[in-house]
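Those protein sequence lines, which keep their order, are chains A and B.
Each position in the first sequence, counted from 1, maps to that position plus 9 in the numbering used here.
Each position in the second sequence, counted from 1, maps to that position plus 12 in the numbering used here.
Backbone N, C-alpha and C fix where the C-beta goes; we use that ideal spot for every residue, glycine too.
Reviewing the structure listed below.
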Amino acid sequence: MTPQTDLRDELDADDALLRAARHAHAASLDRLSPRVQTQLAQRRRAAMQPARSTGRGWAMIATASTAVLALAIGVFVLRDDGAQAPQVADAGAPATTQIAPATQPAPADTRVADAAAAAPVSIETPAVAVQPQAVVSDALPDTLIAAEFDAVEAIEDASADIGYGTFDETPDFYAWLGSEDALADVPESL
Amino acid sequence: MSPDAGQSRSPSAVPPRAAEGHSLSHATEASTQATLDAFLSDISARAFRFAELGLRHREDALDAVQDAMMKMMGYRDRPSTEWTPLFWSILRSRIIDMQRRSLFRLRWMLPSTAKNGEDGESIDWADNTADDRPDPSGAHDQQEAYRTLAAALRALPARQREAFTLRVLEDCDVATTARIMGCSEGSVKTHLFRARDTLQKQLEDLR
C-alpha cells in the first residue's frame, strides 16, 4: 500500500461534499414513505419467524409429494389392472365349452381381438356384466366389437338347441372363458 | 432420552439446576431475538436506501432487504458486534444476485411506466402534501438534494458506489468496508477515491 493510497482515504470531516451527502442521506432515512415503512416492518416480522414459515413450507411440500405419489400409484395400479383384465376369472366356472382358435397363449389384450376375428367359432363375448368390461370395450375398435356381437348372436342361435342359452345369464362364465384356465382345460382332441 | 422429553415431566420432576438452565437458555434465546429485532429495525431503512440505489426498483429493494433479514436469522448466534458487517455483506450479495437476474428479465412484459424508467429511476419519498412539518420548502430541498445525490451515485460503477455508501454514508471503517465488499482495504480506498472524485465534479450544487 502506497502512502498516496493512505492519503486517499483520509476523509476530511470538513469536506463540504461529504457533509452534504451525509445530510441528504440522513434526511432520506427520515422521509421514507409510510407504505415502505409498513412494508419494512412487516417483512422484518416475517423474517423473524423463519422456523414457523419453514415448517409450513415443509408441510406443504410433504403434502404435495404424498398426493403425487398416491396419484402415481393409482395410475400404475389402474394400468396394471387394465393389462390383466381378461385374466380376471373365476376358477370354479364351468369348463364345458369350446374355446377360440387361439391355441397358444397370447397377450391378454390381443386375445380378445383374435377371438373376435375368428367368429363365429370364437366364444369370446362382449362380457356384458364382467367387471373389466370397460377395459375390453375401450381396447377394441368398433368394428371388432360389432363382430363380437355378431359372433355372440350366431352362437346363441346355434346353442339354443342344446341349452347353451342359459349361459347368457352367467357373467362369470364369460370371464372364465377369457382366462388362461379356460385354455388349459381345452382337451387335446379339440 | 431426547432433550424435549424432560419438558413433558412435571416441574417437580425436573432437577432444579436443569430447569434453571432451561429457563436461562430460553431467556437467552428471547434476548437474542429481541436484540436482533432491534438491530434489524434500526438498519432496515438504511438497508432499503442502499438496495434502492443498487436495484432502482422499490419492490426489488424490499425483497432484497427481507431476504437479507431472513438470512441474518442464521447468524443470530454470532456476537452482535459481527452483525453489521454480516448484514451488509449479505445484502450486497443479494443485490448482486438480483441485478444479474434482472438482466434476463423480459422488459417488454413490464408495465409501460417501468419501461419508461419512471419507476426504475424514482426514489421513495414521503408525500409532501401530507407533510405537517413547519418547513415544507426545506423538506422539498432535502428531497431534491437526495435525488441529486442518488442520481449521481447510481451513475457510478457498482464498486465505487458501494465503497462510497458504506464508507461515507454508513460510516463503516475501511476494514469493515473491505470485509463487506470482499476485497482488500487498498481496493476500498481506491474505489472511494475515484467515487469521491467523480461525485465532486457532479455535485457542485450539492455543496
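Practice item. Write down the C-beta distance between Ala187 (chain B) and Glu197 (chain B) rounded to the nearest angstrom, noting that I regard them as a contact closer than 8 Å. Key: 6 Å
Review point. Looking only at C-alpha atoms, which of A:Leu26, A:His34 and A:Ala25 sits nearest to Glu182 (chain B)?
Key: A:His34
Check your understanding: Since Leu98 (chain B) and Ala164 (chain B) are thought to touch, with beta carbons under 8 Å apart, how far apart are those beta carbons, to the nearest angstrom?
Key -> Not really, about 29 Å apart at Cβ, beyond 8 Å.
Review point. What's the gap between the Cα of Asp54 (chain B) and the Cα of Glu94 (chain B)?
Key: 15 Å
Point to revise | Option in A:Phe85, A:Val77, A:Ala79 and A:Ala56 with minimal Cα separation from Gln78 (chain B) | key: A:Ala56
Review point. With 7 Å set as the bound, which would you pick, yes or no: does the beta-carbon of Ser56 (chain B) sit closer than that to a beta-carbon of chain A?
Key: yes
Point to revise | Same chain, Cβ closer than 6 Å to Leu48 (chain B), neighbours up to 5 away in sequence not counted | key: Arg88
Review point. What's the C-alpha gap between Thr40 (chain B) and Met82 (chain B)?
Key: 20 Å
Point to revise | Proximity test, Cβ basis, 7 Å: Asp136 (chain B) and chain A | key: yes
Check your understanding: What residues from chain A crowd round Ser53 (chain B), counting only those whose CB sits closer than 9 Å?
Key -> Leu49, Ala50 and Arg53
Exercise for review: Grab me the residues of Met110 (chain B)'s own chain with a C-beta within less than 7 Å of its C-beta, minus the 5 sequence neighbours each way, in chain order.
Suggested key: Leu67, Asp72 and Ala76
Point to revise | Host alpha helix (DSSP H) of Thr96 (chain B) (start-end) | key: Trp95 to Leu115
Exercise for review: Tell whether a beta-carbon distance below 7 Å holds between Ala12 (chain B) and Val200 (chain B).
Suggested key: Because chain B spans 13 through 219 in this model, residue 12 (chain B) falls outside it and cannot be assessed.
Practice item. In angstroms with no decimal places, state the Cα-to-Cα distance between Pro180 (chain A) and Val77 (chain A). Key: 36 Å
**Study point:** Where Phe99 (chain B) meets chain A, residues with beta-carbon distance less than 7 Å
**Key:** By Cβ distance, chain A contributes nothing, its closest Cβ being about 11 Å from Phe99 (chain B), past 7 Å.
Check your understanding: Which first and last residues belong to the alpha helix (DSSP H) in which Ile192 (chain B) is found?
Key -> Val186 to Met193
Check your understanding: Rounded to a whole number of angstroms, what is the C-alpha to C-alpha distance between Leu80 (chain A) and Val86 (chain A)?
Key -> 10 Å
**Study point:** Inter-residue spacing [alpha-carbon to alpha-carbon] between Arg58 (chain B) and Ile82 (chain A)
**Key:** 53 Å
Review point. Could one say the Cβ of Asp153 (chain B) lies closer than 7 Å to chain A's Cβ atoms, at least one of them?
Key: no
Check your understanding: Tell me which same chain residues have a C-beta within less than 7 Å of the C-beta of Ala98 (chain A), skipping the five on either side of it?
Key -> For Ala98 (chain A), the predicted model reports a pLDDT of 47, less than 50, meaning its position is unreliable and no value from the coordinates is stated.
Point to revise | Inter-residue CB distance, Leu65 (chain B) and Thr177 (chain B) (contact presumed, cutoff 8 Å) | key: 7 Å
Check your understanding: Comparing alpha-carbon positions, which option in B:Ser105, B:Thr44 and B:Met84 lies nearest Met4 (chain B)?
Key -> Nothing can be reported for residue 4 (chain B): it is not among the residues displayed for chain B, which extend from 13 to 219.
Review point. Counting contacts by CB-CB distance shorter than 7 Å, is Met69 (chain A) in contact with chain E?
Key: Note that chain E does not occur in the displayed structure, where the protein chains are A and B.
**Study point:** Residue span of the alpha helix (DSSP H) that contains Val45 (chain A), given as start and end
**Key:** Pro43 to Ala56
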